[in-house]
Amino acid sequence: MKKGILIISVVLSVIVIPLLGLGFSERFNDLVFTNIVSPFYPLSVKESAPSKYKIENKEYWEDPRGLFPIFAYNVPGKSNDIESTLKIIDEGGINIVINCGMSWPADAYKVKDAFHKLGETNLKWIVLLENECKDDYIFDNANDETNSDIKKYLNEFNDKYVYGWYLWDEPGRNRKPCTLFDMVPNDDNADINRMAKQIRSDSTFNKKIAYVNLFPSYWESTPDIKAYEKYIDAFVSSQEYKPQILCYDSYPWQKKDLGGFRKDYYSNLDVMRKKSIQYNIPFWILVLSSEHLNYKSPSIEEISMQVFSALAYGAKGIGYFLYSRGFEQFSYKSWILEEYVDNKNVADSLHGPLYVPVKKLNEEIQVLGKILLNLNCIKVIHSSDYPNDQYDISKSLLKVEDPNSLVTNIVNADKPGADPEILIGVLKGRELNDRGTYFFVVNKNVEKKTNINISLNNELEIFQINKVNGQKTFIKKGHIVNAFILPGSGELFYVD
């Protein structure tokens, strides 16, 4: 009897443990699928199959409204009046809502209805389409298990308020079977390509965006920055249509006891900067704005430091994760739109401590962004590896008196010899006939203002860009720029 029970237990263990591993362990999934079931290297770069529809490299996504994209990753998890909620988000300086709310399928129709009630607005939305297991969870969006027919869904959500469709979040790790005993592994990039083709090849849909959000460099399958570059290359090369944007999420502000500010934040930005130029694809970034898991509740200075750093590196879209109150069941604890999420009649300050400061920040992003949309970041200069000893930025560190550099020295005007703790993004027009040079100076210190003198390699006319109206204000002709920058903030200059 005991022997029979033991045999049954062993047999069940042999069956149940692998199934649990496949269902809940990414590492076990990867081991089984990559090495046994379907040997596959997720970072392999392949030339995508030739297509008569493939967009030429000169194509470059531009916002149809002429705006700098500023997006909120979610509407609130609970709202009694979504129309009012959207108005609050709109008035906060957001012009795109991504997803239908970190929301579940039924909410998509509620959001659609709320947009129709809004009337004329610049606010648009990117509708959730991602369906890794190809079932009817989001919508009856496929007639088989290959996402080969999503037209029904696209037609259902394709009015003037729709900016595009959210195809996939963080492709590359979905190696698990969607149902037990289904031993055919998903290929995320192939699924994305299959869906993107249906959008990009059809004139009914191809003026809108096929949105994909990529992993950051600290994803476990890219152990170093070279592997992360391959990850980006693998995604781009797998697509028959050149992706319209390269978007990724990167959340640097970990709690102090869990490592503090991420050491690879700026090296990740630099990869996206370079790949954006290499492929002629604008890059967007999602910044941390919500406390959850290992991440702290960021201050406005910590949010603006992420934003201005990204702009200095050439980002062409800024998003906030999370923007609106939601996912409390998953230990999310702070947001930008935090209180009175569906009451537009209360004072702005009552929506949460971050709502008004981020609204002001968004106004500055929009003003500067309309200039930055036409520029490429050709070089980044850091005064040091601050904060937290940044990895892989040695090539970006200031080389004093370098005759080939626009910037030859950076000095802390208040404390000569002290680290200015800044970065400078050097930007030039994407068109060859743009002769002037911009440089974006960012104070990486989120607690202290900085007063610096920047030495240039020549005597030039120096202008500062007004963050309220975008006008160039002439400062002087000379070779030293004095910049006073608030904690976590940034200033844009123009020299000619």
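According to my numbering, the sequence shown is numbered sequentially starting from 2.
Even for Gly, the Cβ is constructed at its ideal location relative to N, Cα and C.
- Under the three-state reduction of DSSP output, Y74 falls in the strand class.
- The shortest C-alpha to C-alpha distance from D82 to any of E60, V112, V98 is the one to V112.
- Across the set N100, I423, Y110, the C-alpha of I423 shows the shortest separation from the C-alpha of A313.
- Among the bridge pairs identified by DSSP, E492 is matched with V442.
- Burial of Q391 is indicated by the presence of at least 16 other C-beta atoms within 10 angstroms of its C-beta.
- By alpha-carbon distance to S350, the top candidate from E92, P65, I8 is E92.
- DSSP places S456 in the strand class (E or B) of the three-state scheme.
- Fully contained in the region 281 to 350 are the following alpha helix (DSSP H) runs of length 4 or more, in chain order: 301 to 313.
- Look at A211 here: in three-state DSSP terms it is strand.
- Under the 8 Å Cβ criterion, the region 400 to 415 does not count as touching the region 339 to 348, having fewer than three qualifying pairs.
- Of all alpha-carbon atoms in Y110, D108, A109, V76, the one lying nearest the alpha-carbon of I95 is that of V76.
- Secondary-structure assignment with DSSP links E422 through no beta bridge to anything.
- In this chain, F158 is not harboured by any beta strand (DSSP E), its DSSP state being neither H nor E.
- Buried is the label assigned to F441, since at least 16 other Cβ atoms lie within 10 Å of its Cβ.
- DSSP places N405 outside both helix and strand once states are collapsed to three, so it counts as coil.
- In this structure, Y167 and Y212 form a Cβ contact; the two beta carbons are roughly 5 Å apart against a cut-off of 8 Å.
- The alpha-carbon separation between Q465 and W336 amounts to approximately 33 Å.
- In the DSSP assignment, F485 falls outside any alpha helix (DSSP H) and within the unbroken beta strand (DSSP E) covering 473 to 486.
- In the same chain as T86, and ignoring 5 residues on each side of it, the C-beta atoms closer than 7 Å to its own belong to V76, P77, S80, V342, D343, in chain order.
- Residue environment analysis places F494 among the buried positions, since at least 16 neighbouring C-beta atoms fall within 10 angstroms of its C-beta.
- Membership of N190 in the alpha helix (DSSP H) is indicated by the continuous run 189 to 201.
- The Cβ-Cβ distance between G489 and S305 falls below 8 Å.
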